[in-house]
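Visitor:
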Amino acid sequence: MSVLISLAAVFARIGLGAFGGGLATIPFIHFELVASRGWLTERAFSEVVSLAQMTPGPLALNAATFVGYRIAGVTGACVATASVILAPLSLLVIVLFLLSRASGEWRNALSRLQKALRPAVAGMLLAAFWMVARPLADDWRLPVMAGCMLLLSRAGPFVRYPQLLLLTAGFVGVLLL
Amino acid sequence: MRYVNEPRVSAFFLGTSCAVAVIIGRVVWSIASLSCKEGWKNFATLALTAGMILLADAHPFVALVAGVFFRLLVADGRRGSS
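Residue numbers (the working numbering), protein chains in the order written: chain B, 1 to 177; chain X, 1001 to 1082.
#1: Less than 8 Å between CB atoms is the rule here; does ALA1056 of chain X satisfy it with respect to chain B?
#2: By a C-beta neighbour count over all protein chains shown, 10 Å radius and 16 as the cutoff for buried, is PHE37 of chain B buried or exposed?
#3: TYR1003 of chain X: which of B:PRO162, B:GLU47, B:GLU105 sits nearest, CA to CA?
#4: Quick one: which chain X residues come within Cβ less than 7 Å of GLY156 of chain B?
#5: Please list the residues of the region 60–94 of chain B that have a C-beta atom closer than 9 Å to any C-beta atom in chain X, keeping them in chain order.
#6: Report yes or no: is there a C-beta of chain X within less than 8 Å of the C-beta of LEU166 of chain B?
#7: When the Cα of VAL34 of chain B is compared with those of B:MET131, B:ALA169, B:GLY15, which residue comes out closest?
#8: With 8 Å set as the bound, which would you pick, yes or no: does the beta-carbon of ARG118 of chain B sit closer than that to a beta-carbon of chain X?
#9: Terminal residues of the continuous alpha helix (DSSP H) containing LEU89 of chain B?
#10: In terms of residue numbering, what span does the alpha helix (DSSP H) encompassing LYS1041 of chain X cover?
#11: Check PHE19 of chain B in the structure and name its three-state DSSP category.
#12: Which class does ILE5 of chain B belong to by DSSP, given the choice of helix, strand or coil?
#13: What's the call for ILE14 of chain B, buried or exposed, on a 16-neighbour Cβ count within 10 Å?
#14: Mapping DSSP to helix, strand and coil, what is ARG154 of chain B?
#15: Is there contact between the region 1068–1075 of chain X and the region 102–117 of chain B, where contact requires at least three CB pairs shorter than 8 Å?
#16: For the region 36–63 of chain B, which residues have a CB atom closer than 7 Å to at least one CB atom of chain X, in sequence order?
#17: Closer than 8 Å, CB to CB, is SER153 of chain B near chain X or not?
#18: Please decide whether GLY22 of chain B counts as near chain X, where near means a Cβ-Cβ distance under 8 Å.
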């Protein structure tokens, strides 16, 4: 039971930190699950992020389902997924209610806050990129593969369907690694 | 997930992690370059937030709030401009 409560609390915090979309949750997932609790190793974290990117749906939602399942089975997956949806949804409802009653001055303040949030979210995304890219340095073949994938990502079908890039990289990995 | 420790499944995930890094890298590049075009204040905010997470191991929410406060602070001189 205490594991389920911890899962709910952790994924509620991850959901509440999802400013700037799914990729911005990667530092939160890393901090809560790898650095703070040790529920995942660095390797398992990379696998969860890869799996969450490969499957349809937002990254934080998929990661919640996978990690919840890994820690406490189907119940854990349901609890983690519900938490990561319901916590930011509740906050959104409250903020929208307050906004509907806000004066012009408050709306201006909110506009300034949004403008200040943009570069901070870019910083979060840079940290997310580093967390995913850093383990690739362990094997010299991985940065080479990443370089090839970068070139491939500019080709027509891979621009339209990024999932194709993920699948190609996966199969190249099976052949070479 | 049951087979994640199998060598071939593990190699598949290692391969996909290269593509995931590329996809995230491209998103970061487009957002960061757009943000930094608006001036050094945005670049400093970006560096502060990323630095707090990666170098100081700060909680990402603390880093985000620090970045937003910094950006609001340096914007006070010329409100409305970057």
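The C-beta atom is built at its ideal place from N, Cα and C for all residues, glycine as well.
Quantities reported herein were computed from a predicted structural model and do not represent experimental measurements.
Guide: For this structure:
#1: For ALA1056 of chain X, the nearest beta carbon of chain B is not closer than 8 Å to its own beta carbon.
#2: The question names Phe, yet the displayed sequence has Arg at residue 37 of chain B. Using a 10 angstroms sphere on the CB of ARG37 of chain B, the tally of other CB atoms stays under 16, which defines it as exposed.
#3: Checked all of B:PRO162, B:GLU47, B:GLU105; the closest Cα to TYR1003 of chain X is B:GLU47.
#4: Contacts between GLY156 of chain B and chain X, judged by CB atoms closer than 7 Å, are missing: the closest CB pair is about 15 Å apart.
#5: Only PHE66, TYR69, ARG70 from the region 60–94 of chain B bring a Cβ to less than 9 Å from some Cβ of chain X.
#6: For LEU166 of chain B, the nearest beta carbon of chain X is closer than 8 Å to its own beta carbon.
#7: Of the candidates B:MET131, B:ALA169, B:GLY15, the one whose C-alpha sits nearest the C-alpha of VAL34 of chain B is B:MET131.
#8: Yes, because at least one Cβ of chain X sits closer than 8 Å to the Cβ of ARG118 of chain B.
#9: Its alpha helix (DSSP H) spans residues 59–100.
#10: First-last of the alpha helix (DSSP H) with LYS1041 of chain X: 1040–1054.
#11: Coil at PHE19 of chain B, not helix or strand.
#12: For ILE5 of chain B, the secondary structure class from DSSP, reduced to helix, strand or coil, is helix.
#13: Burial check for ILE14 of chain B: the Cβ neighbour count within 10 Å reaches 16 or more, so the residue is buried.
#14: Of the three classes helix, strand and coil, the one that applies to ARG154 of chain B here is coil, per DSSP.
#15: With a cut-off of 8 Å, the region 102–117 of chain B and the region 1068–1075 of chain X count as touching, because enough Cβ pairs lie within range.
#16: The region 36–63 of chain B vs chain X, Cβ under 7 Å: SER46, GLU47, VAL49, SER50, GLN53, MET54.
#17: Yes, SER153 of chain B lies at the interface with chain X (some Cβ there is under 8 Å from its Cβ).
#18: So, not an interface residue.
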